[in-house]
Amino acid sequence: MTQGTETIDITLKVWRQKGPEDRGRFETIEVKDVETHMSFLEMLDVVNERLTLEGKEPIEFDSDCREGICGMCGAVVNGIPHGPEKAMTLCQLHMRKFEDGDTIVVEPLRARAFKVVKDLIVDRSPLDKIIQAGGYISVNVGGAPDANAIPISQELAEKAMDAAACIGCGACVAACPNASAMLFVSAKVSHLTLLPQGKPEAARRAIGMVRAMDACGFGNCSNERECEAVCPKEIKITNIARLNREFIKAALFSMEK
Amino acid sequence: MSWLIMTFRTSIGKKLMMAVTGLCFLGFLSIHLAGNLTLYWGKARFNAYAESLHSLGPLVTAAEWILLILGLVHVLTGAILFYQNLRARPVSYRVKKRAGGRTLGSATMPYTGLMILGFVLFHLINFHFTDRTDRTIYQIVHSAFHNPWYVGIYVAAMIVVAVHISHGFWSLFQTLGANHPRYMPFVERVGIGVSLIFGAGFGLIPLYLASVP
Ligand code: HEM
Ligand code: FES
């Protein structure tokens, strides 16, 4: 155990890729004296400082808030998106989860739809394309309506909020054996469609977002449940069942084409 | 019609076809198993069952054609899904690790499916497209299962079917949109039960017949 030890030595095997066209390869980096209270990304910062001092290219990776709410960070650590800790983004993972002498393999989120930009940075804009295809509600201009004018049951509000917790990090795609984006799409569809404001466009949203998802080259869900297991926000696959229902409803019982 | 084609070309549409055809197969397996269990009552009961089934004439033929169409839909859609899913991740991970969702059944659906397809063809050649002019169906089945190879293949195939259903059963509910914490744990347990019943129900028949002189 690392209890009592303040620092550990680790071996990083990290994916290095110069650009989208580069083939890429793993680089092995010995990292000495990693303070265990650092986050995983802070550890990478330290590695990058050392690489820079040695005149080498730092490891490119995405991050922004570093408090688990923005969805920018994320890499596959020892085979698990966002690393070994349940319900946690990579920026919230701490080095005390690792032991002295560990080898840590760091790979980008892998999917045909997510092109590698550089090293650990992937282009997740296909998720934005899916949002553009229906992940919104239309609101008329004019005076703002009174807050709480439309009654919403506590149960629905809870379910919608749980789905709205999705930060769009793409870990579900990375974890899915089929690189499917169904958990993401289902969270977005659920969070809007459960609420009255989202109902008018429900059919168009379900069909539009599913088609956009397919067009981006994501795989097909086969209910493997790996997405649910890695989601840092613990989005449940009951949302995928809801998306399936919304899609069936839209395809069979609406005029939406 | 174009909306129908558009619907079934989407990823969810393809999954719906898998779920509905898979559900139909589960119905077929239930009837098939019930009929086959008459083997335990001996030669006369089994031949009588086979005879009354064939006396339905055109109904049996219609059922066979429907099963063939369902089979083609399930197999071809499954093949497309498998191909698309392989293509969706061209570069695989160096470290392949399960996070806790995947099961033996879910990870092997295309492979167990392919094995079932091979078995179904083998099975039809053995017992369906065979000369029945001077042998009763009991004699055909009985002599087949005195060949240890046949017993081995049939028992193995039934284990494969059980593995396919162990994921397929709850998965079809999820695909059809029926997942609620109130009943999903029950559905999952029933799925395991159903796969055990089909696996053991069909799988023990060859072993039993092998022991009947
Ligand atoms: C005894 C016969 C069979 C039964 C009872 C059966 C049943 C099922 C069920 C219930 C599903 C789940 C559908 C869902 O997830 O919604 C399924 C999926 C699947 N089946 Fe079958 N099946 C049978 C034969 C076959 C055959 C012969 C093949 C192919 C050669 C096959 C290939 C597949 C594949 C690939 C899937 C997974 C589809 C996916 O989720 O991506 N199955 N099956
Ligand atoms: S950097 Fe914002 S969630 Fe990790």
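Protein chains in written order, with this note's numbering: chain D, 159 to 415; chain Z, 97 to 309. Built from N, CA and C at the ideal position, the CB exists for glycine as well.
For Ala361/D, the closest C-alpha among the options Lys407/D, Ile393/D and Thr165/D is that of Lys407/D. Beta bridge pairing from DSSP links Lys190/D with no other residue.
With a cutoff of 7 Å on beta-carbon distance, Asn397/D and Ala345/D are scored as near each other.
In this structure, Phe376/D keeps its C-beta atom at 7 Å or more from the C-beta atom of Ser348/D.
Ile168/D is positioned such that its CB atom lies no closer than 7 Å to that of Lys193/Z. Interface flag for Glu382/D against chain Z is set, since a Cβ pair is found closer than 7 Å.
In this chain, the beta strand (DSSP E) harbouring Leu170/D covers Thr165 to Arg174.
For the pair Phe121/Z and Leu163/Z, the Cα-to-Cα distance works out to about 8 Å.
Residues of the same chain with a CB within less than 6 Å of the CB of Thr210/D, apart from the 5 flanking positions on each side, are Pro216 in chain order. For the options Gly264/Z, Val256/Z, Val286/Z and Thr229/Z, the alpha carbon positioned closest to that of Met114/Z is the one of Gly264/Z.
The stretch 288-302 of chain D makes no contact with the stretch 194-214 of chain Z: fewer than 3 CB pairs, one atom from each, lie closer than 8 Å. Here the alpha carbon of Glu147/Z sits roughly 39 Å from the alpha carbon of Phe104/Z.
Glu316/D is outside the set of residues whose beta carbon lies under 7 Å from a beta carbon in chain Z. Residue-level contact by beta carbon holds for Gly377/D and chain Z, with a gap shorter than 7 Å. Ser307/Z has no beta-bridge partner at all, per DSSP. The criterion of a C-beta distance shorter than 7 Å is not satisfied by Asn402/D and Gln180/Z.
Pro284/D counts as buried, since at least 16 other C-beta atoms from the protein chains shown sit within 10 angstroms of its C-beta.
Listed as beta-bridge partners of Arg183/D by DSSP are Arg174/D. Residue Ala321/D holds the alpha-carbon nearest to the alpha-carbon of Leu341/D among Pro354/D, Lys357/D, Thr351/D and Ala321/D. A Cβ-Cβ separation of about 16 Å leaves Ile279/D out of contact with Phe184/D under the 8 Å criterion. In this chain, the alpha helix (DSSP H) harbouring Glu386/D covers Glu384 to Val388.
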